[in-house]
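Under the numbering used here, read the sequence shown as residues 273 to 581, first letter to last. All C-beta atoms, glycine included, are put in the ideal place defined by N, C-alpha and C.
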Amino acid sequence: MSRNEERAAALKRLIDCYMAQDVAIMSSTREDAVELASRAKDIVGREIICLERAPRLMPLAKEAILRADETGLSHPSGCIWWAESLAQAKGRMGRQWWSPAGGIYLCIAIYPRLSKQFWSFYSLGIGVAITQVLREWGLSSVSVRWINDVLVHGKKVAGTLTEVITCPGSSESYILFGIGLNINIEAFPSHLPQAASLLTATKRPWPAVSLAAHLLSRIGLVFADLHKWELSRLDIIDDTWAPNPVLRAFVLASDTIGRRCVFGFDADNAPEFVATAVGVTDDGGLLLALDDGEEVTVNTGEIRYLDLP
């Protein structure tokens, strides 16, 4: 067995271990914990491909999905690509994501089971899942900035890029999530003053495979909770729906509400307006109060905080 195959097998075993651990903890407060775990195992980790180095991971996932489509097959949902370093990683707006050895670099491809109107909750849920796990690992200063930027002491340690792929043959759509988490990077280039790693924040090294497994396990559970939430809506006839679990968790994981921020589709290079974040809407949008009192809702784009935490 090659080193990459051994890592993939270890990651798969650890995902199952963390799933069992989390379900045992959840069982004290949730009767459906075992059911969620069963759902989660079908969502994340069906197949794992580990690489030492790659240009980017999302194009590899896209290529595999389209190649399967050409043969009349559906690519398995929940496949994961992992690389120890990336040469050409990108974030939003085509920005380069510096990806040397010392990070966790993942791509998850899922066949979305949520209705299309709810797909944005997947992206929101990944930021929540990363923040939850890092807090459980002892990093109390971590929070998620809308939509899913994960910050420690105001500096970014993790980000997610989302892309939808539609197969020309089957017309099936897949959602790809590219995740970058800086863990054991010792220093950053001068042009990245707002970047940090778990090592620089805590002064201690972090175990990459174990942490990645716990993150993937939690992402699976968060997505499973979303799927169950939507199914529960089908049984409601009086519009009294259960609270969305990701929205509820986001409020606990985020410090966005109440912050002064600048908004833009490219907030760094093309800021559009300054506002105060006052809430999250039922569809996952961010409610912003302008200085003249008008309130606007944004469902995509990004924010940057202007005030200190």
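Margin query: According to DSSP, simplified to helix, strand and coil, what is Glu277?
Written below: helix
Next item on the list: Identify, in the order they occur along the chain, each residue of the same chain with its Cβ nearer than 8 angstroms to the Cβ of Pro461, setting aside the five sequence neighbours on each side.
Entry: Trp370
Check: Curious, which full-length beta strand (DSSP E) runs of at least 3 residues does the stretch 461-542 contain?
Finding: 532-536
Check: Rounded to the nearest angstrom, how far is the Cβ of Phe535 from that of Gly565, given a contact under 8 angstroms?
Finding: About 16 angstroms separates the two Cβ atoms, so there is no contact after all.
Margin query: What would DSSP say about Ser299, mapped onto helix, strand or coil?
Written below: coil
Item checked: Inter-residue CB distance, Met330 and Glu444 (contact presumed, cutoff 8 angstroms) -> That pair is no contact at about 17 angstroms.
Next item on the list: Please check the pair Phe537 and Leu396, which I expect to be a contact at CB under 8 angstroms, by giving their CB distance rounded to whole angstroms.
Entry: That pair is no contact at about 18 angstroms.
Margin query: So Pro517 and Asp497 are supposed to be a Cβ contact under 8 angstroms. How far apart are they, rounded?
Written below: 4 angstroms
Margin query: Cutting at 6 angstroms between CB atoms, please list the residues of its own chain near Gly374, excluding the five before and the five after it.
Written below: Asn456 and Ile457
Checklist line | Presumed contact (8 angstroms Cβ cut-off) between Arg311 and His463, rounded CB distance | finding: Wrong, their Cβ atoms sit about 42 angstroms apart, outside the cutoff.
Next item on the list: Pull up the DSSP beta-bridge partners for Arg325, would you.
Entry: Ser357
Notebook entry, point to check: Alpha carbon to alpha carbon, how far is Ser349 from Val316?
Noted result: 8 angstroms
Notebook entry, point to check: When the Cα of Leu493 is compared with those of Asp555, Val400 and Ala473, which residue comes out closest?
Noted result: Val400
Notebook entry, point to check: Tell me which same chain residues have a C-beta within less than 7 angstroms of the C-beta of Ser504, skipping the five on either side of it?
Noted result: Ala514
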